[in-house]
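>
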Amino acid sequence: MSDVIWTERPALRSPVLVAAFGGWNDAGDAASAAVEFIGAHHEPRVVARIDADEFIDFTSVRPTVRLVAGQTREIDWPETTVSAVEVPGADGDLAILQGPEPALRWGRYCRAVVEVAHELGARQIITLGALLADVPHTRPVSISGIASDAALVDRLGFEHTSYEGPTGIVGVLHHACGAAGLNSVSLWASVPHYVAAAPNPKVALALVRAFEGAAGVVVDAAELETAAEDYERQVSAAVASDPEVRAFVERLESAADESEDDAPDPANLPSADAIASDFQKYLRQQGPES
Numbered sequence: 000m001s002d003v004i005w006t007e008r009p010a011l012r013s014p015v016l017v018a019a020f021g022g023w024n025d026a027g028d029a030a031s032a033a034v035e036f037i038g039a040h041h042e043p044r045v046v047a048r049i050d051a052d053e054f055i056d057f058t059s060v061r062p063t064v065r066l067v068a069g070q071t072r073e074i075d076w077p078e079t080t081v082s083a084v085e086v087p088g089a090d091g092d093l094a095i096l097q098g099p100e101p102a103l104r105w106g107r108y109c110r111a112v113v114e115v116a117h118e119l120g121a122r123q124i125i126t127l128g129a130l131l132a133d134v135p136h137t138r139p140v141s142i143s144g145i146a147s148d149a150a151l152v153d154r155l156g157f158e159h160t161s162y163e164g165p166t167g168i169v170g171v172l173h174h175a176c177g178a179a180g181l182n183s184v185s186l187w188a189s190v191p192h193y194v195a196a197a198p199n200p201k202v203a204l205a206l207v208r209a210f211e212g213a214a215g216v217v218v219d220a221a222e223l224e225t226a227a228e229d230y231e232r233q234v235s236a237a238v239a240s241d242p243e244v245r246a247f248v249e250r251l252e253s254a255a256d257e258s259e260d261d262a263p264d265p266a267n268l269p270s271a272d273a274i275a276s277d278f279q280k281y282l283r284q285q286g287p288e289s
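Note that numbering that gives the first Met the number 0 numbers the sequence shown so that position 119 is 118, with each residue one more than the last.
Encoded structure:
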């Protein structure tokens, strides 16, 4: 029995399937925000779900209760949804897969995603992720990637990742797609460690632009560009008001501006963990700009 529950079998034109997952793979909520924005202007409609009971630990990612018409209560369950996005005038359509990172049965979960890709006739699968890094918020967002076609990473100008260590569902899914013979790309953006708790539209915008290059799809991101500019101004103002954080960011900027061979040893930089907590409290106290 399939773990994919279809409510509609859409007839999409050679779609690109883009996926992002909340949790470990989604620093600053950047990947989730990016996929939301990619589909926002084209009226996405949910066409399938992956059975949440088999993959989600509901004690870690809890369902929520909401009131309907002020009387009855409904429960919204965390789940993976698949949305169809028709893009008039483009060479192909889109499909968006999003949900929380599964806690259980990753191999089986990935097989369900591969089933979705085959059913939709996806020509490419692009996964988006965001990770914490010692990078300054004032510099262009660093994008790294891996692809089943390694030359694609070079053509798009992304950094090749040489990471070894623990991975999330994004890394496992990319590997599963390759094993299934699917054309797949995994794109990762770096999020400044000291603003990890705040939603990061600047990084989300960078992921949207990276997606455009990889998928050959144009996304109207004017609203996200404005949000990214406002975000950078707000964070810069908060940094400027705290001498310790300002000194930390200046050292990150110096490291980022050096060539890779001459860059200072990251071990000589102060730990972001040492200042992040106080800085997050400061940002929360400031609230949104008026």
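For each residue, glycine too, the CB sits at the ideal point set by N, CA and C.
Contact check, VAL3 vs VAL115 under 8 angstroms by CB: the rounded distance?
6 angstroms
> Which partner residues does SER185 have in the DSSP bridge list?
THR126 and ILE145
> For ARG232, report the span of its alpha helix (DSSP H) as first-last.
221-239 is the span of the alpha helix (DSSP H), which, as asked, contains ARG232.
> For ARG65, list the residues DSSP reports as bridge partners.
When beta bridges are read from the DSSP output, ARG65 appears opposite GLU73.
> Could you give the distance in angstroms between the alpha-carbon of ALA237 and the alpha-carbon of VAL248?
Cα to Cα, the separation comes out at about 11 angstroms.
> Could you pull the DSSP bridge partners for TRP5 from this structure?
Partner residues in the beta bridge of TRP5, as assigned by DSSP, are ALA47.
> For GLY22, I'd like the list of residues in its chain whose CB is within less than 7 angstroms of its CB, leaving aside the five on either flank, ordered along the chain.
Taken in chain order, the residues that qualify are PRO99 and GLU100.
> State the Cα-Cα distance for the pair SER235 and ALA30, rounded to the nearest angstrom.
22 angstroms
> Tell me where the alpha helix (DSSP H) around ILE37 begins and ends.
29-39
> Between VAL134 and SER189, how many whole angstroms is the CB-CB distance? I'm expecting something under 8 angstroms.
5 angstroms
> Beta-carbon within less than 8 angstroms of ARG72's beta-carbon, same chain only, minus the 5 sequence neighbours each way: which residues are those?
Closer than 8 angstroms at Cβ, skipping near neighbours: VAL64, ARG65 and LEU66.
> Under 6 angstroms Cβ to Cβ from ALA32, same chain only, skipping five residues before and after it: list those, please.
ALA203, listed in sequence order.
> Measure the C-alpha to C-alpha separation of TYR162 and GLY38 and round it to an integer number of angstroms.
30 angstroms
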